[in-house]
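Scroll down for the structure; my scribbles are underneath it.
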């Protein structure tokens, strides 16, 4: 189940945390995490963040990857906005089961003050030391 949180929608409409202005990161969590559209921060999600070779979690952890080449495209024919970014790859990842990719804006110096933008459903994958790619759909990373 993929979803955009209510707090994430509000953040996207705020100048300092808008898609083009904010530093948006991707954190990986296991299957113990339950997607929640009402989540406002990363406190619960962080307890399910993966950990191991190729991924060091936590606030500002080296495992969380920053989205690059973010774009917004207005699709008038479908009446949506398409948010996209470059695909990501974690190299030699051996850190347990990955179930969801969370889009986050790390703010205020901690997970408790950071904004959870969205939860993206990814195929459950047990990492095994090989590269772990995330390729966004042709339709865009988020469609609003």
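Residue numbers (my numbering): 237 to 380. Ideal placement from N, C-alpha and C gives every residue a C-beta, glycine not left out.
Whole-angstrom C-beta distance between residue j and residue i, which should lie under 8 angstroms
{"i": "residue 269", "j": "residue 252", "result": "With 8 angstroms as the limit, residue 269 and residue 252 do not qualify as a contact, their Cβ atoms being about 27 angstroms apart."}
{"i": "residue 380", "j": "residue 310", "result": "Actually they are not in contact, since the Cβ atoms of residue 380 and residue 310 sit about 10 angstroms apart, beyond 8 angstroms."}
{"i": "residue 365", "j": "residue 289", "result": "7 angstroms"}
{"i": "residue 347", "j": "residue 279", "result": "6 angstroms"}
Residue i to residue j span [Cα, whole Å]
{"i": "residue 351", "j": "residue 274", "result": "11 angstroms"}
{"i": "residue 367", "j": "residue 328", "result": "5 angstroms"}
{"i": "residue 261", "j": "residue 322", "result": "12 angstroms"}
{"i": "residue 292", "j": "residue 375", "result": "30 angstroms"}
{"i": "residue 342", "j": "residue 302", "result": "10 angstroms"}
{"i": "residue 256", "j": "residue 272", "result": "24 angstroms"}
{"i": "residue 285", "j": "residue 353", "result": "16 angstroms"}
{"i": "residue 392", "j": "residue 320", "result": "Because the chain here runs from 237 to 380, residue 392 falls outside it and cannot be looked at."}
{"i": "residue 300", "j": "residue 246", "result": "22 angstroms"}
{"i": "residue 295", "j": "residue 349", "result": "10 angstroms"}
{"i": "residue 242", "j": "residue 263", "result": "19 angstroms"}
{"i": "residue 371", "j": "residue 248", "result": "22 angstroms"}
Cut-off 8 angstroms between Cβ atoms - residues of its own chain near residue i, not counting five sequence neighbours on either side
{"i": "residue 360", "result": "267, 333, 334 and 335"}
{"i": "residue 306", "result": "255, 256, 260, 319, 320 and 321"}
DSSP state of residue i mapped onto helix, strand, coil
{"i": "residue 289", "result": "strand"}
{"i": "residue 338", "result": "strand"}
{"i": "residue 306", "result": "coil"}
{"i": "residue 257", "result": "coil"}
{"i": "residue 248", "result": "helix"}
Beta-carbon contacts of residue i that lie in its chain and below 6 angstroms, excluding the five residues immediately before and after
{"i": "residue 358", "result": "337"}
{"i": "residue 369", "result": "325"}
(Q) Just to confirm the assignment: which complete beta strand (DSSP E) runs, minimum length 3, are found wholly within the region 311-371? (A) 316-320, 324-326, 333-341, 351-362 and 368-370
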